[in-house]
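So for the sequence shown, the working numbering puts the first residue at 67; every next one is plus one.
Beta carbons: idealized from backbone N, C-alpha and C, even for Gly.
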Amino acid sequence: MTTVDATAEVFWTAFRSLPKRGREAVIEKLLKDREFKEDLIDIALLEQRRKEPSRSLDEYLADRRKKSRS
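Structure below.
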């Protein structure tokens with residue numbers, strides 16, 4: 067386990083050991099940080115889209131070329 071992983075585990079364990087109201091207070095504080103909130107939203111959106119079908123960049127560019135010729 068890396069130092070970063072170990073530190074994250076300590077914080078996660080401490081967070082989970084808080085009573086519900088304490089966890090809510092930590093989350094409220096985190097969400098007041100604009101940059102953190104934006105990062106969290108980005109992560110949530112990426113997770114939602116992970117199951118969407120994807121295509122290669124070459125396919126996308128070929129499709130765009132076809133559409134621009136039409």
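DSSP-derived helix/strand/coil call for residue i
| i | result |
| --- | --- |
| K98 | coil |
| T73 | helix |
| E125 | helix |
| L84 | coil |
| E104 | helix |
| R116 | coil |
| S134 | helix |
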